[in-house]
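Enquirer:
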Amino acid sequence: MATHEFAAQAHAHAAPQGFIRKWIFSLDHKVIGLQYFFLALTAVLVGMFLSLLMRIHLIWPTVPLPLLGEIKPETYLSLLTMHGTIMVFFVLTTAPQGGFGNYFLPIQIGAPDMAFPVLNMLSFWTTFLGFVVLLAAFFVTGGAPLHGWTGYAPLSALQSAGPGEGLGADLWIISIAIFCIGALMGALNFITTTLDMRAKGMTMMRMPLTCWAWFITAILGLLAFGVLLSAGILLLMDRNLGTSFFVPLVTVNGQLTGHKGGSPLLWQHLFWFFGHPEVYIAILPAMGLCSQLLSVFSRKPIFGYKAMVYAMLSIGFLGFMVWGHHMFMSGMSPYTAFAFSIMTMAIGVPSAIKTFNWLGTLWRGKLRFTSPMLFAIGFVSLFVTGGISGPFLAQPVLDIYLHETYFVIAHFHLIMGVASIFGIFAATYYWFPKMFGRMMNETLGKLHFWLTFVGAYAIFMPMHYYGMAAGLRRYSQGTEVAWIQHLLPLQKFITIAAFVTIASQFIFVFNLFWSMKKGKKASDNPWEATTLEWTTATPPPHDNFGGKTPVVRNGPYEYSVPGASRDFVMQSDEEIKKKH
Amino acid sequence: MATIATTATINWVAPDYATRLRRSRLGLLVALTPVLMLFVSFTSAYVVRQGLPTLDPRTNQLVRDWIPVKLPILLLVNTGVLVLSSAGMELARRQIKNAAQAGATSSTAEVSFNDEGKMPWLGITIVLGLSFLFGQWMAWKQLAANGFYVATTPSSSFVYLLTGAHAVHLMGGVVALLLAGVFALLRRPVTTRSIVVDVTAWYWHFMAALWVYILCLLEFAR
C-alpha cells in the first residue's frame, strides 16, 4: 500500500491498539519522534561513558579500571573514534531532527502526520540498525576502529593499519552508510511534509522558526549524506576489493600494500563536503528552537523574523562552500586556502545577525526564567563563545599552529556539541508537557542547567588554553610528553570538571523519568505559547487535532499584542488587525 | 487592535487522488536529489583520480596507472534495451493513469498487466528492465574475460562502480514495478497503483538518462 494511502487510512480510523503496531513499528510521527529521542538518549549515555574513560586515561594512563583493565593507547583511539561517531551521528543529528522534528513539525504546520509514514518508520529502524552495527564494532576481533570519526585514509582504508582496522572498521563504514540511508529517508519526509502539508493559512513566512530550521536542515542532509555515502562505498571497495581510490603507494610494516595512485586528499574532500554541513545539521534545529523559546519566554515577537529565516538559509548555503577550511594542513594552495578562509569568515555575518536578533528579542522583554528559557539563553552564550574561536581557525596562518591542538577540540565541542546539546535540553524541557502530559520538575531543571552550564565552560575554556600552549590532540599519553608536563594540572582540572558535569546529567535523566510518572499535570498550553502544538490536547491525539485541521491566521510570535485581551495571540486565533 | 477568538479549525478530509499524486511526485523529486549527489560525487572522484600520477617504486618516477578500458559493445545493446523499457514505462504510466482518472470514483476499477485487450506495458517494462540488468551482468563477464577486474586499474574500478551503483538503483525500480503488479493481484484501488506506477515511471526515466550519462562519461572521458 502506498505510504500516503496508509497515512490517510491511519488517520481516518482509530489509532492502532496492539503494542507492536502502536509502539514498535508505529507509523505515527509522534511515536517515531519518541523512538528517535530515546535512541539518542541511549547513544548519548554511551558516548558520555566513552568520554569519561578517555578523560581518565589522559590523567592516569596506566591505572587499571574495573572490568576494563588498563586502557592501551590504541584503545584510547578507539574510544575517541566511537565517541565522536556516536555523538555526531546518533545524538546531534538524531535527537533534534529525528526526535523533536518528527514529533513537532507536522503539528506545528497543522498536518495530521508526515507525508510518508511508512518511510518515516523505515527511517527510524534503519537508523537504529546503524547504531547496533556501530556498537557491534566493539565486540569483533580487533575491536573498534581507531581512525577517528573523520576516518582519514589511508589509515581507515587498510585492514592491516592497526587493531580495529579490520572488521571493526568495516562495521564502522557500514554503520555510517546505513545511517546515511536512514537520514536521507527522513530528509525526504521533512521536505515533502513542509512543502505540501501545511494547514490552510500556514504560509512559509508564518511557519515557526523551528519548522524553518528543520526544513533547511533536511535540505542540507539531502545534499550532504549522498556524498558521504559515496565516500563510504569507495572506502569499502578500497578495503575489501583492492581498489585504490584513496590509498597511494604505501607500506605497512615495511610491506607494500598492493595499492597505488589513490589520493587520501580525495577522501578528505568528499568527507568534509559532508562534514561541514553536518555542523549545521546539528546546530540549525537548536537555532530555530532557541529563537522560538526566547520569544515565548520574553513575551515578545522574535526580533527580525525574516532576517532569521534568511540568515539560516545563508548559513546553510555557505556551509557548503567552506569544507576546505578543515584541510588547511593538507598542503593546499594558499590561494585556495584564502578563498575558503574568506567564505568561512562570511558565515560570521548571518551568525551575528542571529545573535543580535536573539539579544534584541530579550531586550526589554518580560523574561520568564524557566528551565527551557535558561537552556535557550545558555545556547546563545555557548554559540557566541564557541563561534568566536571560529574566525581564529578560519585563518590558515593561525590554523597551521592550532589545528593539531586541543584548541580545535574545544572550539567544535562548544559550538557543535554543547550548544546543540543545550538546544536538545531546551527542547526537552519545553515540549515535555506536550509529549507526556506532565511538567518536568523546575527546581531539578534549574539545578541541572547551572551545573551543566558552569561545567561545560569549566571543561572547554581551559581546553582552549591547553591547545594554545601546544597541547596536542589525539595523544593518548600526554603524561609522557615533556613539553606539556607543566600543563598536566590543567588536564586534571578538565577531567574533574567532566566528572562533575557528567554526574549532573543524571539529574536530568532522573527528572525525565520521574516526571513522566510523578510530574505535575500539564495543561494544554502551560507556557502560554502561540504555535499550533499548543492548540491541541496534551498529549496530542493520534491524528494531532482530533479529526480537525487548524486554520492559521497569524504569525508564530504574536506576544504582547497591543489591545489583545491576553499577552499572546495564537496562530489559529482571529486575525490580528494591526495598525500601520 | 486585536481580539481573541475561538481557535479556528476545519474538518479533516482524506487527500484526494490529485493531492496524493502531487505529493508523491514531489517526494520522488526530493528523493532523486541524493541519488544525483551520489553520482556527482562519483564523477568528481572519477575526474580527480584520472589525473593522479603514482610513484613507480622500481624507477622512482611518477607514472600514470590509469589504463583506459575498452567498453564491451554489449553496453550499447543494453542502452537500447533500457531506452525501450523507458518508452514502455511511459506507455504503462499513461495507460494506468487514464484508468485511474476514469475509475477515481470507483475504488475497485481494475487494470493490471494482463488486462484483456490492452498491451501489458507494465509487464513488458519489467521484462526489459530485467534484460538490461542481465545484459549488464554479461558485460561485466566480458570485461573480466578481457582481463579487467575491479582492481586491475582505477578506470576499471570506476566502470564496475558506476555500472554497479546504477544497476542497484534500477533494481529498486524493478521492485517497485513488481509491487505494482502485486497490488493488481491483490485488487488494490487503481488510484493507488497508478500513483506507484507514475512515480516509478519518472524514476525509471531518470535512471535511463543517468545511464546514458554514465556511458558517455566512461566512453568519452576515458
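Residue numbers (the working numbering), protein chains in the order written: chain A, 1498 to 2077; chain B, 189 to 410. Where is the CB? At the ideal position from N, CA and C, for every residue including glycine.
If I follow the unbroken alpha helix (DSSP H) through N2051(A), where does it start and stop?
Expert: Translated into the one-based positions of the first sequence, residue 2051(A) becomes position 554. N2051(A) -> no alpha helix (DSSP H), and no H or E assigned at all.
Enquirer: What are the partner residues of S251(B), as DSSP defines its beta bridges?
Expert: As a working mapping, residue 251(B) is identified with position 63 in the second sequence. Residue identity check: residue 251(B) is Val in the sequence provided, not Ser. DSSP, once it has assigned bridges, lists T242(B) as partnering V251(B).
Enquirer: On the three-state DSSP scale, how would you describe N199(B)?
Expert: Along the second sequence, one-based indexing puts residue 199(B) at 11. It is a strand residue.
Enquirer: Could you tell me if F1657(A) is buried or exposed, where buried requires 16 or more neighbouring beta carbons within 10 angstroms of its beta carbon?
Expert: On the first sequence, position 160 is the one that residue 1657(A) refers to. Note on residue identity: the sequence assigns Ser, not Phe, to residue 1657(A). By the 10 Å Cβ count, S1657(A) comes out exposed.
Enquirer: Which residues, taken in chain order from the segment 1915 to 1948 of chain A, show a beta carbon closer than 8 Å to some beta carbon of chain B?
Expert: Within the segment 1915 to 1948 of chain A, no residue has a Cβ that lies closer than 8 Å to any Cβ of chain B.
Enquirer: Looking at the secondary structure, which residues open and close the alpha helix (DSSP H) in which G1942(A) lies?
Expert: Within the first sequence, residue 1942(A) is the residue found at index 445, counting from 1. Counting along the chain, the alpha helix (DSSP H) containing G1942(A) begins and ends at 1939 to 1965.
Enquirer: Please return the same chain residues whose Cβ sits closer than 6 Å to the Cβ of P2023(A), not counting the five positions on each side in sequence.
Expert: Translated into positions along the first sequence, residue 2023(A) becomes position 526. Within the same chain, P2023(A) has close Cβ partners P1930.
Enquirer: Kindly list, in the order they appear in chain A, the residues whose Cβ is closer than 7 Å to that of V236(B).
Expert: Position 48 of the second sequence, counted from the first residue, corresponds to residue 236(B). Near V236(B) (Cβ distances below 7 Å), the residues of chain A are S1760, L1763.
Enquirer: Please compile the residues from chain B whose C-beta is within a distance smaller than 7 Å of the C-beta of G1648(A).
Expert: On the first sequence, position 151 is the one that residue 1648(A) refers to. Simply none; closest approach about 16 Å.
Enquirer: Thinking just about the alpha-carbon of each residue, which of K1569(A), T1539(A), F1853(A), L1538(A) is nearest to the one in I1553(A)?
Expert: What you label residue 1553(A) is simply residue 56 of the first sequence in a count that begins at 1. Closest option to I1553(A), Cα to Cα, is K1569(A).
Enquirer: Residues of chain B with CB under 8 Å from K1697(A), in chain order?
Expert: Sequence index remark: in the first sequence, residue 1697(A) carries index 200 (1-based). Those within 8 Å of K1697(A) in chain B are I198.
Enquirer: Flag E2071(A) as yes if its beta-carbon sits less than 9 Å from any beta-carbon of chain B, otherwise no.
Expert: Indexing the first sequence from 1 puts residue 2071(A) at position 574. Contacts with chain B at 9 Å (Cβ-Cβ) include E2071(A).
Enquirer: Of the residues A1680(A), Y1802(A), R2063(A), I1906(A), which one's Cα is nearest the Cα of W1646(A)?
Expert: By 1-based counting over the first sequence, the position of residue 1646(A) is 149. Of the listed residues, the one whose Cα sits closest to W1646(A) is I1906(A).
Enquirer: Please classify Y337(B): does DSSP put it in a helix, a strand, or coil?
Expert: Here residue 337(B) refers to the residue found at position 149 when the second sequence is read from its first residue. Coil.
Enquirer: Taking the alpha-carbon positions, what's the L1652(A) to W1557(A) distance?
Expert: On the first sequence, residue 1652(A) is found 155 positions in, with the first residue counted as 1. On the first sequence, residue 1557(A) is found 60 positions in, with the first residue counted as 1. Put simply, the backbone Cα of L1652(A) is about 27 Å away from that of W1557(A).
Enquirer: Could you confirm whether any beta carbon from chain B is found closer than 9 Å to the beta carbon of I1675(A)?
Expert: In the first sequence, counting from the first residue as 1, residue 1675(A) sits at position 178. So, not an interface residue.
Enquirer: Would a C-beta distance cut-off of 9 Å place T340(B) and R208(B) closer than the cut-off?
Expert: Position 152 of the second sequence, counted from the first residue, corresponds to residue 340(B). Position 20 of the second sequence, counted from the first residue, corresponds to residue 208(B). No. Outside cutoff.
Enquirer: In this structure, does DSSP put V356(B) in helix, strand or coil?
Expert: Taking the first residue of the second sequence as 1, we reach residue 356(B) at position 168. Three-state result, V356(B): helix.
Enquirer: Indicate the three-state DSSP secondary structure (helix, strand or coil) for S300(B) in the structure shown.
Expert: Along the second sequence, one-based indexing puts residue 300(B) at 112. For S300(B), the pLDDT reaches just 47, beneath the cut-off of 50, and the residue's location in the model is therefore unreliable, although a value from the coordinates is still provided. For S300(B), the three-state secondary structure derived from DSSP is coil.
Enquirer: When the Cα atoms are used, what is the spatial distance from L1589(A) to A1849(A)?
Expert: Your numbering for residue 1589(A) matches position 92 in the first sequence. Your numbering for residue 1849(A) matches position 352 in the first sequence. Distance between the alpha carbons of L1589(A) and A1849(A) is about 23 Å.
Enquirer: Considering only the alpha carbon of each residue, which of A233(B), N334(B), P308(B), A327(B) lies closest to G369(B)?
Expert: Numbered from its first residue, the second sequence carries residue 369(B) at position 181. Of A233(B), N334(B), P308(B), A327(B), the residue nearest in Cα terms is P308(B).
Enquirer: By the criterion of Cβ-Cβ separation under 7 Å, what are the contact partners of V2088(A) in chain B?
Expert: Coverage of chain A is limited to positions 1498 through 2077, which leaves residue 2088(A) absent and any answer about it impossible.
Enquirer: Which same chain residues, not among the five before or five after G276(B), have their C-beta less than 7 Å away from its C-beta?
Expert: In the second sequence, residue 276(B) corresponds to position 88, counting from 1. Taken in chain order, the residues that qualify are W309, I312, T313, L316.
Enquirer: With 9 Å set as the bound, which would you pick, yes or no: does the beta-carbon of G361(B) sit closer than that to a beta-carbon of chain A?
Expert: Here the question's residue 361(B) lines up with position 173 in the second sequence. G361(B) does not count as touching chain A.
Enquirer: Do you know how far the Cα of T1591(A) is from the Cα of F301(B)?
Expert: Taking the second sequence and counting its residues from 1, the one referred to as residue 301(B) is at position 113. Taking the first sequence and counting its residues from 1, the one referred to as residue 1591(A) is at position 94. Confidence at F301(B) is low in this model, with a pLDDT of 47, below 50, so its placement is unreliable and no value can be given for it.
Enquirer: Tell me the rounded alpha-carbon separation between M1584(A) and F1909(A).
Expert: Counting from 1 along the first sequence, the entry for residue 1584(A) is found at position 87. Counting from 1 along the first sequence, the entry for residue 1909(A) is found at position 412. Spanning the two alpha carbons is a distance of roughly 12 Å.
Enquirer: Do you know how far the Cα of V218(B) is from the Cα of D1688(A)?
Expert: Counting from one through the first sequence, the residue named residue 1688(A) turns up at place 191. Counting from one through the second sequence, the residue named residue 218(B) turns up at place 30. Checking the sequence shown, residue 1688(A) turns out to be Ile, not Asp. About 8 Å.
Enquirer: N1617(A) lies in the alpha helix (DSSP H); which residues open and close that run?
Expert: Counting from 1 along the first sequence, the entry for residue 1617(A) is found at position 120. Segment 1614 to 1633, the alpha helix (DSSP H) holding N1617(A).
Enquirer: Applying a beta-carbon distance threshold of less than 9 Å, which residues of chain B neighbour K1757(A)?
Expert: Counting from 1 along the first sequence, the entry for residue 1757(A) is found at position 260. Within chain B, the residues whose beta carbon sits less than 9 Å from that of K1757(A) are T242, L243, D244, P245, D253, listed in sequence order.
Enquirer: Classify L366(B) as helix, strand or coil using the three-state DSSP reduction.
Expert: On the second sequence, residue 366(B) is found 178 positions in, with the first residue counted as 1. Here DSSP, grouped into helix, strand and coil, assigns L366(B) to helix.
Enquirer: Checking contacts by CB at 9 Å: is I1529(A) closer than that to chain B?
Expert: One-based indexing of the first sequence puts residue 1529(A) at position 32. Answer no: the Cβ-Cβ gap between I1529(A) and chain B never drops below 9 Å.
Enquirer: When you compare the CB of L214(B) with every CB in chain A, is at least one pair closer than 9 Å?
Expert: Against the second sequence, residue 214(B) aligns to sequence position 26. So yes, L214(B) belongs to the interface.
Enquirer: With C-beta atoms as the reference, is A1916(A) less than 9 Å away from F1880(A)?
Expert: As a working mapping, residue 1916(A) is identified with position 419 in the first sequence. As a working mapping, residue 1880(A) is identified with position 383 in the first sequence. Yes, they are a contact pair.
Enquirer: Kindly indicate if chain B contains any beta-carbon less than 9 Å away from that of I1517(A).
Expert: The residue labelled residue 1517(A) in the question sits at position 20 within the first sequence. Not an interface residue.
Enquirer: Go ahead and pull the three-state DSSP assignment for L1564(A).
Expert: The residue you call residue 1564(A) lines up with position 67 of the first sequence. Here L1564(A) sits in coil by DSSP.
Enquirer: Below 7 Å CB to CB, which residues in the same chain sit around I1956(A) once its five sequence neighbours on both sides are set aside?
Expert: In the first sequence, residue 1956(A) corresponds to position 459, counting from 1. So the list reads I1991, A1994, A1995, T1998, once near-sequence residues are dropped.
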